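A.B. asks:
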Amino acid sequence: MGLAHPIAGYSHVNILVDDLAAAHDFYINKLGFSVLPRPDFGGFAGAWYRIGDLQLHLSVVKEMPDLKGGFPHLALHVESAHFEQTIDALKSMGVPFVMNTMSREDFGVPVRAAFCKDPAGNVVELTDVGPLA
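Under the working numbering, the first residue of the sequence shown is numbered 4, with each subsequent residue one higher.
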């Protein structure tokens, strides 16, 4: 039995960071997000950003948790025609990548993916495949 009123769609993703200024530089100046207004959560530090339809919320923690297993990450779509240029530009800005660009085929569609880290160590995937229809 499903919901009487189905979930309407995606709202936002929240990730943890331990240095808000470094995260701001990464998401605004390197990846091109824009700043959204954020309510006052009574001294709980963070920031809200947007790129396209994606809303990203950052919550500041004193220490990043030690994740055991899994592969939590945020995936961002980069148009195929600009994929390599975007990866090269980020590398030239000093953004650390965790592996070489991967190429594979998903359901008959060629896919490229590159994985970098934000200043807090969160993994960000850049892929030339957009959201599934």
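Positions of the beta carbon are idealized from the N, C-alpha and C atoms, including for glycine.
Because the structure is a prediction, the values reported are computed rather than measured.
Could you please give the first and the last residue of the uninterrupted beta strand (DSSP E) stretch that includes S37?
C.D. replies: In the DSSP assignment, S37 falls within the beta strand (DSSP E) that extends over 37-39.
A.B. asks: Taking K2 and V126 to be in contact with their CB atoms under 8 Å, please state how far apart those CB atoms are, rounded to whole angstroms.
C.D. replies: Outside the shown range of the chain (4 to 136) lies residue 2, about which nothing can therefore be said.
A.B. asks: Between P122, G111, S106, which lies nearest to L29 when the distance is taken from Cα to Cα?
C.D. replies: The displayed chain sequence assigns Phe, not Leu, to residue 29. With distances taken between CA atoms, F29 lies nearest to P122 out of P122, G111, S106.
A.B. asks: Does the beta-carbon distance from A48 to L23 come in below 8 Å?
C.D. replies: Remark: C-beta atoms of A48 and L23 approach each other more closely than 8 Å.
A.B. asks: For A26, which residues from the same chain have a beta carbon less than 8 Å from its beta carbon, with the 5 sequence-adjacent residues on both sides left out?
C.D. replies: V20, A50, L61, D121, P122, A123
A.B. asks: Let me know the secondary structure DSSP gives E66 once reduced to three states.
C.D. replies: coil
A.B. asks: Would you identify the three-state DSSP class for S14, choosing helix, strand or coil?
C.D. replies: Annotated three-state conformation of S14 is coil, per DSSP.
A.B. asks: Would you kindly report the start and end of the unbroken alpha helix (DSSP H) that includes I90?
C.D. replies: 86-95
A.B. asks: What's the C-alpha gap between L77 and Q58?
C.D. replies: C-alpha separation (whole angstroms): 11 Å.
A.B. asks: What did DSSP end up calling F44 once you bin it into helix, strand or coil?
C.D. replies: coil
A.B. asks: Provide the residue span of the alpha helix (DSSP H) that contains A26, from first to last.
C.D. replies: 23-27
A.B. asks: Starting from K120 and walking both ways along the beta strand (DSSP E), at which residues does that stretch end?
C.D. replies: Counting along the chain, K120 sits inside the beta strand (DSSP E) bounded by residues 112-120.
A.B. asks: Leaving out five residues on either side along the sequence, give the residues of the same chain with a beta carbon under 6 Å from the beta carbon of A116.
C.D. replies: M105, E128, T130
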